[in-house]
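Residue numbers (the working numbering): 63 to 458.
Every residue gets a Cβ at the ideal spot worked out from N, C-alpha and C, and that includes glycine.
Data block below; observations after.
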Ligand code: GDP
Ligand code: MN
């Protein structure tokens, strides 16, 4: 689960990580009082107004702007709040900005040597442990750094049995070229950050930039936090941070029906039981000349209700020209799935795209007979290669 920058910063702060302070607002009327309160709290006279959306690259897209007085704060807030912000992570349609974070300006006016670093923590699945990544090339796209100068990315792997060791935090700070007070601050920053990462069951922290001010303070200017969905049941206080308006409506509907759905750009919708089979089915769609419109795993216990929910979600995508249902009857019997498909089809009523149903496993033949005798515009196949052939035929 993704959360907003302002929420992420609150979490970090509660773990003792120094942050760029800010106050979030969702109405222009609140901008002045928020800025006044921030001034009283931090002493800042300059502010940065930051769009709160679940996407990075806001700065380049015009979603992060400096304001040097109260009038400018109001001007910036009125510009950014409600705008459709387009960044390289939002897609061409952009994302509507519903909240802005009014922050203290931490790049002191006239500061000759503020320095931006990159710091992230994530799970390295290959090594089955967390990895801390750091770079002196902060503030930029880390993907660019990784491509053009990978030697500038430091990686430190954390043994889960002993956790982050002091020497490791010091090593990272040294390798970033820090010394003296800044080094001490960075060590503490990394340690607090790691503690927060572990205790919140996060799957990713990305702080870009981490700022070193000319008076050697180290602080988080940006914060991207991704919480592990599977652990949210034990973090009720974090689960409420979910902002559904930031999520794809189809994916929200899918999660309400316990379906594993990811929208893609292709023209063939698919509904499959099991993630591995779903991946293989997407390959088959490609091989038969189509492009998958989605990933959809209905799980082990596919029934009429889940099939119907899946249908409805896939059909809302205007790009879908055909639907391939690929179910392996292991625990679930194919004849039950076939009945579910027929029932769902009738419930939905008008379905204008051809549907190919491939049922294999327990009672596959019975399932195929149900589909074939239903009188509906549904094609059935038992072998995957026949299903693929049907897909390419209906696409023609
Ligand atoms: P992102 O573009 O979505 O990654 O948003 P960031 O929070 O990283 O902000 C983008 C850029 O805005 C940063 O890299 C900074 O260069 C700049 N920025 C952020 N906070 C301040 C600030 O307090 N003062 C100034 N002058 N610039 C800032
Ligand atoms: Mn950033």
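Q | DSSP three-state assignment for residue 509, whether helix, strand or coil | A | Residue 509 falls outside the range modelled here, since the chain spans only 63 to 458, and no answer is possible.
Q) How about residue 196 and residue 181: do their beta carbons lie closer than 8 Å? A) Counting from one through the chain shown, the residue named residue 196 turns up at place 134. Counting from one through the chain shown, the residue named residue 181 turns up at place 119. Contact: yes.
Q. If you draw a straight line from the alpha carbon of residue 345 to that of residue 98, how long is it in whole angstroms?
A. Residue 345 sits at position 283 when you count from the first residue of the chain shown. Residue 98 sits at position 36 when you count from the first residue of the chain shown. Their Cα atoms are separated by approximately 57 Å.
Q) According to the Cβ coordinates, are residue 382 and residue 351 closer than 8 Å? A) Indexing the chain shown from 1 puts residue 382 at position 320. Indexing the chain shown from 1 puts residue 351 at position 289. Going by beta carbons, residue 382 and residue 351 fall outside the 8 Å limit.
Q: Note down the Cα distance separating residue 71 from residue 64, rounded to an integer number of angstroms.
A: By one-based count along the chain shown, residue 71 stands at place 9. By one-based count along the chain shown, residue 64 stands at place 2. About 13 Å.
Q: Consult DSSP for residue 195 and reduce its assignment to one of helix, strand or coil.
A: The residue labelled residue 195 in the question sits at position 133 within the chain shown. Residue 195 falls in the strand class under three-state DSSP.
Q) Quick one, which of 233, 450, 298 and 257 has its alpha-carbon nearest residue 246's? A) As a working mapping, residue 246 is identified with position 184 in the chain shown. Selected option, being the one with the closest Cα: 233.
Q | Rounded C-alpha distance that separates residue 239 from residue 355 | A | Residue numbering aside, residue 239 sits at position 177 when the chain shown is read from its first letter. Residue numbering aside, residue 355 sits at position 293 when the chain shown is read from its first letter. Residue 239 and residue 355: Cα-Cα distance of roughly 47 Å.
Q) By DSSP, does residue 101 sit in helix, in strand, or in coil? A) Residue mapping note: residue 101 aligns to position 39 of the chain shown, counting from 1. Residue 101 falls in the helix class under three-state DSSP.
(Q) For residue 384 and residue 267, I'd like the C-alpha separation in whole angstroms. (A) As a first step, residue 384 must be located in the chain shown, where it is residue number 322. As a first step, residue 267 must be located in the chain shown, where it is residue number 205. Cα-Cα distance, rounded: 39 Å.
Q: Check residue 353 in the structure and name its three-state DSSP category.
A: Here residue 353 is taken as the residue at index 291 of the chain shown, counted from 1. Residue state, collapsed to three classes: coil.
Q: Give me the Cα-Cα distance between residue 134 and residue 285, rounded to the nearest whole angstrom.
A: Here residue 134 is taken as the residue at index 72 of the chain shown, counted from 1. Here residue 285 is taken as the residue at index 223 of the chain shown, counted from 1. If you draw a straight line from the Cα of residue 134 to the Cα of residue 285, it comes to about 24 Å.
Q. Around the Cβ of residue 390, are there at least 16 other Cβ atoms within 10 angstroms (buried) or fewer (exposed)?
A. Counting from one through the chain shown, the residue named residue 390 turns up at place 328. Label assigned to residue 390: buried.
Q | Residues proximal to the ligand MN by C-beta, any heavy atom closer than 6 Å | A | 118, 270 and 284
Q) Relative to the ligand GDP, is the shortest distance from any of its heavy atoms to the C-beta of residue 167 smaller than 7 Å? A) Mapped onto the chain shown, residue 167 falls at position 105. Yes, the Cβ of residue 167 comes within 7 Å of a heavy atom of the ligand GDP.
Q) Mapping DSSP to helix, strand and coil, what is residue 455? A) On the chain shown, position 393 is the one that residue 455 refers to. Residue 455 sits in a helix when the DSSP states are folded into three classes.
Q | Backbone CA spacing between residue 104 and residue 164 [nearest angstrom] | A | Here residue 104 refers to the residue found at position 42 of the chain shown. Here residue 164 refers to the residue found at position 102 of the chain shown. Near 12 Å, if we compare the C-alpha coordinates of residue 164 and residue 104.
(Q) Could you check whether the Cβ of residue 157 sits closer than 7 Å to any heavy atom belonging to the ligand GDP? (A) Taking the chain shown and counting its residues from 1, the one referred to as residue 157 is at position 95. Checking the Cβ of residue 157 against the ligand GDP gives no.
Q.
Within 10 Å of its beta-carbon, does residue 130 have 16 or more other beta-carbons around it, so buried, or fewer, so exposed?
A. Mapped onto the chain shown, residue 130 falls at position 68. By the 10 Å Cβ count, residue 130 comes out exposed.
Q: Using a threshold of 8 Å, state whether the C-beta atoms of residue 358 and residue 321 are closer than that.
A: Indexing the chain shown from 1 puts residue 358 at position 296. Indexing the chain shown from 1 puts residue 321 at position 259. Taking 8 Å as the Cβ cut-off, residue 358 and residue 321 qualify as a contacting pair.
Q: Note down the Cα distance separating residue 447 from residue 226, rounded to an integer number of angstroms.
A: As a working mapping, residue 447 is identified with position 385 in the chain shown. As a working mapping, residue 226 is identified with position 164 in the chain shown. Cα to Cα, the separation comes out at about 51 Å.
Q.
Using only CA atoms, which one of 379, 380, 339 and 377 lies nearest to residue 360?
A. As a position in the chain shown, residue 360 is number 298, starting the count at 1. The option with the nearest alpha carbon to residue 360 is 339.
Q) Does the beta carbon of residue 80 fall short of 7 Å from some heavy atom of the ligand GDP? A) As a first step, residue 80 must be located in the chain shown, where it is residue number 18. No, Cβ of residue 80 sits at least 7 Å from all heavy atoms of the ligand GDP.
Q: With DSSP as the reference, label residue 338 as helix, strand or coil.
A: Mapped onto the chain shown, residue 338 falls at position 276. Correct three-state label for residue 338: helix.
Q. Any idea if residue 306 is buried or exposed, counting beta-carbon neighbours within 10 angstroms, 16 or more meaning buried?
A. Within the chain shown, residue 306 is the residue found at index 244, counting from 1. That one is exposed.
Q | In DSSP terms, what residue 305 is bridged to | A | Translated into positions along the chain shown, residue 305 becomes position 243. According to DSSP, which records beta bridges pairwise, residue 305 is partnered with nothing at all.
Q | Spatial distance of residue 400 from residue 333 (CA atoms) | A | Position 338 of the chain shown, counted from the first residue, corresponds to residue 400. Position 271 of the chain shown, counted from the first residue, corresponds to residue 333. Answer to the nearest angstrom: the Cα atoms are 13 Å apart.
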